[in-house]
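Those letters in the sequence shown? Residues 256 to 368, by the working numbering. For glycine and all other residues, C-beta sits at the position ideal for the given N, C-alpha and C. Bear in mind that the values here come from a model prediction, so they are computed numbers and not experimental data. Each remark here refers to the structure printed beneath this line.
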Amino acid sequence: DGSGSEGGDGVGQDGASVMTQEDKLLLRQVFNPRLSDRREEGAYFVPPDPTFDYVVKLQGLAKQEELAQRGREEHFLSAGFVADDPGPAFPSSWSACSEVASGRSSKGVEAMR
């Protein structure tokens, strides 16, 4: 039929997976349920483009995210971490949350009165 030995489900005609361990790891990183809500799409889910260029781009983005997460964790666990000013690696909402939690934010308190 000209389509090769693999089906659209990543399983070859003999039932063996045609995906490498590296491919599986990349998909686990991209679709990590703690970071991605794509699983909620159910039958509407469209898998990523399997072309070489796109996979290389996904690999690069996954590596960047891994490095960013590692950097955030190292900074968070360091003696230099300040909850009121966590730095640019963390969402800006962290500063506001720590101010409210410590009772230092007048913006949220005044709005609730």
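Alpha carbon to alpha carbon, how far is D308 from Q276?
Taking the first residue of the sequence shown as 1, we reach residue 308 at position 53. Taking the first residue of the sequence shown as 1, we reach residue 276 at position 21. It is roughly 19 Å from the alpha-carbon of D308 to the alpha-carbon of Q276.
Any chance the region 325-334 sits against the region 279-295, with 3 or more Cβ pairs inside 8 Å?
No, they do not touch.
Hey, would you say P303 sits closer than 8 Å to L313, going by beta carbons?
Sequence index remark: in the sequence shown, residue 303 carries index 48 (1-based). Sequence index remark: in the sequence shown, residue 313 carries index 58 (1-based). Closer than 8 Å, so yes.
Which class does V310 belong to by DSSP, given the choice of helix, strand or coil?
Here residue 310 refers to the residue found at position 55 of the sequence shown. Annotated three-state conformation of V310 is helix, per DSSP.
Between D278, E320, R294, which lies nearest to T306 when the distance is taken from Cα to Cα?
Translated into the one-based positions of the sequence shown, residue 306 becomes position 51. The alpha carbon of T306 has as its nearest neighbour, out of D278, E320, R294, the alpha carbon of D278.
Residue range of the alpha helix (DSSP H) that R283 falls in?
Taking the first residue of the sequence shown as 1, we reach residue 283 at position 28. Where R283 is concerned, the enclosing alpha helix (DSSP H) starts and stops at 276-285.
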